[in-house]
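Novice: What follows is a single structure, and I will ask about it in a moment.
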Amino acid sequence: MPEVFEAAAQYDDWEGSVAADNDVDDSIQSLLASRGMKSDGEALVGLSLYSGEAYFSVSAYLVPAENAEAAKAYLEAENIPNVKKVDIENVSAEEFFRLFKRFSVALSWKGMNLIGRELNTGE
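Residue numbering for the sequence shown is 150 to 272, as defined by our numbering.
Here you go:
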């Protein structure tokens, strides 16, 4: 059964966006490859993470493609693309965030629609 690729929490009080810069030397791609979760000919196209009171999980989404351009073409050619979802076990939040040079999250209280808006902050 298809699943929708989007963030969700129990009540979704906060909504937002995220941006991250890949770490070249110690990336999420290299972690997947070293654990045998990503093969040659597969491209990582998505990540989802979930954190609860005492729970942290990460899933990776891969498609059959040699590079980002081929992965994009594959995804655009399919209405509901087939992806390989792998759960990355035994990775802490700290270990996960170390796989990125920079990681930024912006959250807006539900319905406030702040994401993407210019704001005068007095700075």
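Think of the CB as a built atom: it goes at the ideal place given N, C-alpha and C, for glycine as much as any other residue.
1) Does the separation of the CB atoms of alanine 196 and lysine 187 fall below 8 Å?
2) With H, G and I counted as helix, E and B as strand and the rest as coil, what does DSSP make of leucine 224?
3) Where does serine 179 sit, in a helix, a strand or coil, going by DSSP?
4) For the structure I just gave you, are there three or more beta carbon pairs, one from the stretch 202-221 and one from the stretch 240-257, closer than 8 Å?
5) Taking just the CA atoms, how far does lysine 234 sit from phenylalanine 154?
6) Quick check: the Cα distance between leucine 198 and phenylalanine 249, rounded to an integer number of angstroms?
7) Can you name, in chain order, every residue of its own chain whose Cβ lies under 8 Å from the Cβ of isoleucine 229, other than the five neighbours on each side?
8) Whether or not the stretch 251-261 and the stretch 167-184 are in contact is what I'm after, with contact meaning three or more pairs of Cβ atoms, one per stretch, closer than 8 Å; do they touch?
9) Report yes if the CB atom of arginine 247 is closer than 8 Å to the CB atom of aspartate 175, and no otherwise.
10) Would you mind giving the Cβ-Cβ distance between lysine 259 and aspartate 162, rounded to the nearest angstrom? I have them listed as a contact below 8 Å.
11) Helix, strand or coil for alanine 192 per DSSP?
Specialist: This is what the structure gives:
1) Residue identity differs from the one stated: residue 196 is leucine in this sequence, not alanine. Result no, Cβ atoms of leucine 196 and lysine 187 do not sit closer than 8 Å.
2) helix
3) helix
4) yes
5) 11 Å
6) 14 Å
7) Pro151
8) yes
9) yes
10) 6 Å
11) strand
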